[in-house]
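Working notes, beginning with the structure itself.
Written as C-alpha cells, this is what we have:
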C-alpha cells in the first residue's frame, strides 16, 4: 500500500479546502499539508458561483445589520454566535482575497463595488462581474501554488476515513488515473468536498457534487445536521438547471408570469417591498404558486416564469452580467438584452451538512469540515445568497488553523492498523470494479432523483416524504446488486460514479428522514400540511446518525442571542 | 423530435489497447443538445466504459475540452446542431492520452506554477490597510487575461506546442501576463525573467490559433505579444538603470 504522511490532510480543493490549506501552510511553513481532490482544484464547483460574496463594506451598513439579515434569513435556525463571528471576519477575508489578486469590480474611485442581493438590507455583496466563484477559485488556487508545503493529490478520490481508537488518522483514496488505492495519513483530516446537489435531478450543481464528504463522515458515526433544509434557487434555466444568478435581480431584474405581471409586487408572497430581492425560499415558493395557479409559461421542460432584464439596457448587462447573458444565450435560447430569460426553481445548495462547531470540529476527534459539506449553522433553514462564498473563506481559514493545531498536538496512529484498514477498503473498491449484478447505475440514479424531487422538493407533505424515505431505503438495498461493466484500472469513471452513487444514497436517506420528521414549515422546509413555523416544538437542529436499518434522529439546541424568534416577514 | 447522429469516438484503454482505436455509436440527439450531452448519453445508456471528464456543463470549469471533428472544442459549449450527421470526438491534441477522451494535464500545472500566477510585492500589504485602490481602467488592463478557465483548447490548437511540447504555451503566458498587468503587482521583473527564458514567449510564432479557439475570449495571442514587448523593454531598461523595485 502506497502510504504517505502529512500533518494535515484536506479533502476537497474548492473555496473552503484551498482557503484552509493556505491558512495552515502560512501558519506553519514547516507543516506538510496534503490537498486531496477528486478533480483538479480549479474544476471544483466553487467555479460555478456567479453573483458575489457578502461582507460589510459601506458606511451605511453595519455588522449588526448583516448579522440580523442572516438570522432572519435562516428563519431563526442559524446559531447566532456563529453568525456574529462570521459577519466580523467576512470583510477581512474578502480584503485578503483582494490582496491576493481577486479582480473585484470597482467603483469609479477605485474602491471595491458592492451590489444588492436577496434578503440583504443594503448593498454588501462584493462581485467580480458575475463570475465571482470562478475568480475566487482561481485566485485561491493560483495563490496556493506559492506554498511548497501544500502537497496536492489531484484526481484522487477519497473513499474512506481511517479511524482508530476514536480518532481520525487519515484517508484511503483511489488514484483515479492509476486505479490503485493509497493511504494518506495525517494528524487531522479536514473535509471540504462541497454539497450533494446531484442527489436531485434538477440542480444547478455540477456532476462532481455527490455528497462525498457528508457520506464519509456519516458512515463513521458523525451526525449530519439539518439535512432537511435543501435550497431551491428561484432562477435556473429549464432543462439544464443552469444557474442564472440572483445578481440579475440585484441589478434590477423582474420576475413576470404568463400575463406579464410582476407577481412579487402584486400578490402577497411575504416578501413585501423587497419584491425580487426577497429571500430564495420565499421566491421559489412564489414561482411554484404562480405556476400552480395557471400563470406559468409552457415550455418543453415544464412550466416556467420569465426573468426580465430588458429594461436594464445592454450596457448594464454587458458590464455587470456578462455571464448571465452568455448562459442565457447558450443554454436558454434568449438574449437578455432583448428577451426575457425562462427560469424555474432549481435545487442549488444544502444548508445541512456535517455537524461541526465553530472551529469546524466534529464529534469524532481529528475530523474537521468547512464549506457546504459542513453545517456550522450559519445558514439555518435558509441561506442568504452571497453568504456561502464568504462562508468558505471564513470557516475554511478557521477550520484549517484549528485542524492544524489539533494535528500538531495529537500522537501518531498505529500505522499497521491504518494500513490494514486501507487494504480492506482497497478490497471493497476492487470488488466494486466491474461488479456483476442486476441493477443499472443510470437507472438507480434516475430513480433517486425522481423520488427526491417528489418527496423533498419546494413543497412537501407527510405522505410523499414517507414514500421517499421508503424508496431511498429500497435503493440502498438495490445498490448492493449494482452491475458494472468497466473492469479497467485506468481512469475508470464508472467505478468513481458507482462510489459516488453510494454516497448520494446514504446522504439522501438522511435528508429524507430528517425532512419527514419535521412537522412544521421553516425556511426551505415548506410543508403543505403544516404551514406554520412551530417554535414550541421544532426550534432545534436535527441530527441524523447512520444506523443499520436507516438514519436515527436526535435534537440539538439552537444558539439564540440578541434576536429572539419573531414572525419572518419582509 | 430527436434525430440520430453517428459518433466516432477515440477509445484507448492502456490495460488492453496497444494504440488508440475508434468506436462508433448511434445516438438519438435532441435539437438543443451540446456535444457533451451526446457523450453522457453514450455513457449512461449505451456504453458505461467510455471515459471522459466533465462537471459544470456551463462552460466555466474547463474540464470537458476535446477534439470534435478535428478542432479543439469545449464540449459543453458547442452545439451539436453545428455539426453534421457524423461527429468525430477525440482527446485533445498535443497531450498524452490517459484513457479514451482523458488527457494528461500535469505538464500544464508545472507551466502555470512557473509563471508565478499570484500577486508579488516587495512588502505584503497589511490587512489593516484595507483593499488597494484600483480604478476601473486599471482593472481593464488585465481583466480579459484573467478569464482563462484552463480548458487547454489553446495548447491543442497551438502549432508551437505540437512541435515543442515544453513550450510554456498560451494559457500559462496569458496568466503570467495577467499578473504583470495588475496594478497591485510588483513581480514583473521576476516574471519577465521567466518570459525571457527558453521555450517561452519568443518561441511563439504568432499563429493566433490560440485566440481563435479560446471559449472565453481571453486572446492569449495578444497577451503573448504584449508579454514579449514588456520582457524586452524590461531587459533593456535593466541595462541602463540599476535594479529597481516594483512600480
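Residue numbers (the working numbering), protein chains in the order written: chain G, 7 to 576; chain F, 365 to 611. No residue lacks a Cβ here, since even glycine has one placed at the ideal position from N, Cα and C.
Sub-8 Å separation of residue 196 (chain G) and residue 52 (chain G) beta-carbons: Judged by their CB atoms, residue 196 (chain G) and residue 52 (chain G) are not nearer to each other than the 8 Å cut-off.
Simplified DSSP assignment, three categories, for residue 459 (chain F): Here residue 459 (chain F) sits in coil by DSSP.
Amino acids of chain G, ordered along the chain, whose beta-carbon sits closer than 8 Å to that of residue 553 (chain F): What residue 553 (chain F) touches in chain G, judged by beta-carbon distance under 8 Å, is nothing: the nearest beta carbon there is about 17 Å away.
Reduced DSSP secondary structure (H/G/I, E/B, other) of residue 399 (chain G): DSSP, reduced to helix, strand and coil, places residue 399 (chain G) within a helical segment of the structure shown.
Residues sharing a beta bridge with residue 575 (chain G), DSSP: According to DSSP, residue 575 (chain G) bridges with nothing at all.
Proximal chain F residues relative to residue 117 (chain G), where beta-carbon distance stays under 8 Å: Chain-order list of chain F residues neighbouring residue 117 (chain G): 495 and 497, by C-beta distance under 8 Å.
Status (buried if at least 16 other CB within 10 Å, exposed otherwise) for residue 401 (chain F): A residue is called buried once 16 or more other Cβ atoms fall within 10 Å of its Cβ, and residue 401 (chain F) is buried on that count.
Beta-carbon gap between residue 509 (chain G) and residue 221 (chain G) smaller than 8 Å: In this structure, residue 221 (chain G) lies closer than 8 Å to residue 509 (chain G) by Cβ.
Reduced DSSP category for residue 2 (chain G) - H, G, I as helix; E, B as strand; rest coil: Since the first and last residues shown for chain G are 7 and 576, residue 2 (chain G) lies out of range.
Residue 579 (chain F) (DSSP reduced to helix, strand or coil): Three-state DSSP puts residue 579 (chain F) in coil, outside helix and strand.
Within-8 Å CB hit, residue 453 (chain F) to chain G: Taking 8 Å as the threshold, the shortest C-beta distance from residue 453 (chain F) to chain G does not fall below it.
Contacting positions in the segment 522-537 of chain G - beta carbon closer than 8 Å to chain F: Residues passing the 8 Å Cβ filter: none.
Cβ pair count under 8 Å reaching 3, the segment 329-347 of chain G against the segment 411-424 of chain F: Contact between the segment 329-347 of chain G and the segment 411-424 of chain F is present, because at least three Cβ pairs lie under 8 Å.
Neighbour flag for residue 389 (chain F) against chain G, beta carbons, 8 Å: So no, residue 389 (chain F) is outside the interface.
Supposed close pair residue 375 (chain G), residue 219 (chain G) - CB separation, criterion 8 Å: About 7 Å; that satisfies the 8 Å criterion.
Closest by C-alpha distance to residue 32 (chain G), when choosing among G:486, G:411 and G:468: That would be G:411, whose Cα lies nearest to the Cα of residue 32 (chain G).
Where residue 599 (chain F) sits in the DSSP three-state scheme: Helix.
Cβ-Cβ distance between residue 355 (chain G) and residue 243 (chain G) below 8 Å: The answer is no: Cβ separation not under 8 Å.
Contact under 8 Å by Cβ, residue 379 (chain G) with residue 179 (chain G): It is not a contact, given that the beta carbons lie outside the stated cut-off.
Nonlocal neighbours in the same chain, by C-beta distance under 6 Å from residue 438 (chain G), ignoring five residues either side: Non-local beta-carbon contacts of residue 438 (chain G) in its own chain, meaning distances under 6 Å to residues more than five positions away in sequence, involve 504 in chain order.
Neighbouring residues, chain G, relative to residue 595 (chain F) (Cβ below 8 Å): By Cβ distance, chain G contributes nothing, its closest Cβ being about 20 Å from residue 595 (chain F), past 8 Å.
Where the segment 469-503 of chain G meets chain F: residues whose CB sits under 9 Å from a CB there: Per Cβ criterion, the list reads 490, 491, 492, 493, 494, 495, 496, 497, 498, 499, 500 and 503.
Expected contact under 8 Å - CB spacing of residue 472 (chain F) and residue 519 (chain F) to nearest Å: The pair is a contact, with the Cβ atoms about 7 Å apart (cut-off 8 Å).
Validate contact between the segment 460-470 of chain G and the segment 410-428 of chain G using beta carbons, cut 8 Å, 3 pairs: Inter-segment contact for the segment 460-470 of chain G and the segment 410-428 of chain G is absent: fewer than three beta-carbon pairs are separated by less than 8 Å.
Rounded straight-line distance, which links the Cα of residue 432 (chain G) to that of residue 191 (chain G): Spanning the two alpha carbons is a distance of roughly 15 Å.
Residue 418 (chain F): contacting residues in chain G (beta-carbon distance under 8 Å): When 8 Å is used as the limit between beta carbons, residue 418 (chain F) is near these residues of chain G: 213, in chain order.
The segment 416-429 of chain G touching the segment 381-401 of chain G, judged by at least three CB pairs closer than 8 Å: They do not touch, by the three-pair rule.
As assigned by DSSP and simplified to three states, the class of residue 242 (chain G): It is a strand residue.
Nearest to residue 155 (chain G) (by Cα), restricted to the options G:15, G:99, G:296 and G:284: The closest CA to that of residue 155 (chain G), considering only G:15, G:99, G:296 and G:284, is found on G:15.
Pairwise C-alpha distance: residue 457 (chain F) and residue 491 (chain G): For residue 491 (chain G) and residue 457 (chain F), the gap between their C-alpha atoms comes out near 28 Å.
Cβ neighbours of residue 690 (chain F) in the same chain (closer than 6 Å, five flanking residues each side left out): Lying outside 365 to 611, the shown extent of chain F, residue 690 (chain F) is not represented and no answer is given.
Contacts around residue 4 (chain G), its chain only, beta-carbon distance under 6 Å, and the 5 residues preceding and following it disregarded: Not covered by the structure: residue 4 (chain G). The range shown for chain G is 7 to 576.
Sheet register partners of residue 551 (chain G) (DSSP bridge): DSSP output for residue 551 (chain G) lists G:558 as bridge partner(s).
Alpha-carbon to alpha-carbon, residue 279 (chain G) and residue 296 (chain G): One Cα belongs to residue 296 (chain G), the other to residue 279 (chain G), and the distance between them is close to 18 Å.
Cα-Cα separation between residue 349 (chain G) and residue 131 (chain G), rounded to whole angstroms: Rounded to whole angstroms, residue 349 (chain G) to residue 131 (chain G) spans 23 Å at the Cα level.
Residues near residue 443 (chain G) in its chain [Cβ-Cβ closer than 7 Å; skip 5 each side]: Correct list, in chain order: 487, 488 and 489.
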